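Numbering (this note's numbering), first residue to last: 1 to 320. Using N, Cα and C, we set each Cβ at its ideal position, and we do this for glycine too. Just so it is clear, the structure is predicted and the values come from calculations on it, not from any experiment. Before any comments, here is the structure.
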Ligand SMILES: NC(=O)c1ccc[n+]([C@@H]2O[C@H](COP(=O)([O-])OP(=O)(O)OC[C@H]3O[C@@H](n4cnc5c(N)ncnc54)[C@H](OP(=O)(O)O)[C@@H]3O)[C@@H](O)[C@H]2O)c1
């Protein structure tokens, strides 16, 4: 009975979340906040910025915007042709790196190459992500969406932190999702969900973990002039939305943000002086937001974040 009541409350809360989000997350919310009237205008010409998943959607829009501000962007993608095309469009300063971030062996090799080639990394944007319709497992035995959305972010970030600290002031930005509001932190369910697998739930659990890791890295790096932010972009029309949630795209189509509008807050977090003044927060449309919403039942259990860190450290052989 208790679980029935909990489920009913969660469904009502999810419906409420979706209705409230309906306005805020669309291009109407973006327009209402008049963010487009204040484009980010910061000289980034001395900065090196690593953007994962920069070959499509929000990551590509952010890479373009940051390159236009003068930054030297390192485009990380899994598809060599797409990486080549994206780099060519960004201009001579940009360069590409190829890695399948669902695989920890490739993530580790990417980090090693970056450490070898880049004396300075000013900003790391962990943007690569997937919402899958069907469960799949990588050759390394992890469920693919959790591997891509959180395990590789944990590994890449921990391996690059020493270089970010050497490059300080530096920034780490984790691209999460408003979907994370629907799930508590539960590392065991995140890695091996009991019952039928649902892509949106697996995705939301991983996105919740990203927000918690943001707070943990912020604590770790507080005295080292490296700030860490998580953000959610709202709902934007990207190839990821078309392939991951086509029915949702059909319903919301005309209201979806452009990729540039979706990427605006992570460009702002990477560049704006105000974004260097705090760390460990969750942002949407350039405003700090709560990490939990009323009635969602997502309160964190004692010890849950320590367990998240231990399990990810164990899985990746790092960060313990
Ligand atoms: N669009 C939205 O409304 C929305 C809402 C909330 C959160 N987000 C988040 O925003 C981020 C960007 O999403 P998007 O909508 O722009 O999706 P997208 O168009 O599919 O872009 C995702 C990017 O990640 C890359 N990627 C996926 N799996 C990878 C892997 N195994 N290894 C390396 N790169 C990989 C993709 O590479 P390919 O180009 O090769 O596919 C692509 O560059 C994601 O973290 C997503 O969860 C998006």
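ask   = Can you name the residues that DSSP bridges to residue 286?
value = In the chain shown, the residue the question calls residue 286 occupies position 286. According to DSSP, residue 286 bridges with nothing at all.
query = Taking C-alpha atoms, which residue in 229, 83, 99 lies nearest to residue 270?
reply = Here residue 270 is taken as the residue at index 270 of the chain shown, counted from 1. Considering only alpha carbons, the answer is 229.
query = Going by DSSP, what residues sit across from residue 97 in a beta bridge?
reply = The sequence position of residue 97 within the chain shown is 97, counting from 1. In DSSP, residue 97 forms a bridge with 76.
ask   = Rounded to the nearest angstrom, how far is the Cβ of residue 272 from that of residue 42, given a contact under 8 Å?
value = What you label residue 272 is simply residue 272 of the chain shown in a count that begins at 1. What you label residue 42 is simply residue 42 of the chain shown in a count that begins at 1. Right, the Cβ-Cβ distance comes to about 6 Å (below 8 Å), so this counts as a contact.
request  = Note down, one range per segment and in chain order, each alpha helix (DSSP H) of at least 4 residues found wholly within the stretch 197-264.
outcome  = 199-221, 239-244, 246-252
task = Check each candidate in 191, 261, 213, 214 and name the one with the smallest Cα separation from residue 203.
result = Within the chain shown, the letter at position 203 stands for residue 203. Nearest C-alpha to residue 203: 191.
inquiry  = With distance defined between alpha-carbon atoms, name the residue in 119, 126, 148 nearest to residue 132.
reply    = Counted from its first residue, the chain shown places residue 132 at position 132. Residue 132 has its Cα closest to that of 148, out of 119, 126, 148.
ask   = What does a CB cutoff of less than 6 Å around residue 187 pick up in its chain, not counting 5 residues either side in sequence?
value = In the chain shown, residue 187 corresponds to position 187, counting from 1. Cβ within range, chain order: 307, 308, 311.
key: Residues near residue 261 by beta carbon distance below 7 Å, same chain, minus five either side   = Along the chain shown, one-based indexing puts residue 261 at 261. Around residue 261: 27, 30, 236.
key: chain D contact for residue 235 (CB, 9 Å cutoff)   = The structure shown contains no chain D; it holds only a single protein chain.
message = Below 8 Å, is the gap between the Cβ of residue 55 and the nearest heavy atom of ligand 1?
response = Here residue 55 is taken as the residue at index 55 of the chain shown, counted from 1. Yes, Cβ of residue 55 sits closer than 8 Å to a heavy atom of ligand 1.
task = Could you check which residue in 222, 233, 55, 76 has the C-alpha nearest to that of residue 180?
result = Working through the chain shown from its first residue, we reach residue 180 at position 180. It is 233.
key: Cβ-Cβ distance between residue 107 and residue 155 below 9 Å   = Here residue 107 refers to the residue found at position 107 when the chain shown is read from its first residue. Here residue 155 refers to the residue found at position 155 when the chain shown is read from its first residue. Taking 9 Å as the Cβ cut-off, residue 107 and residue 155 qualify as a contacting pair.
request  = Would you please state the rounded distance, in angstroms, between the beta carbons of residue 329 and residue 52? I believe it to be under 8 Å.
outcome  = The requested residue 329 does not occur in the structure, where the chain is confined to residues 1 to 320.
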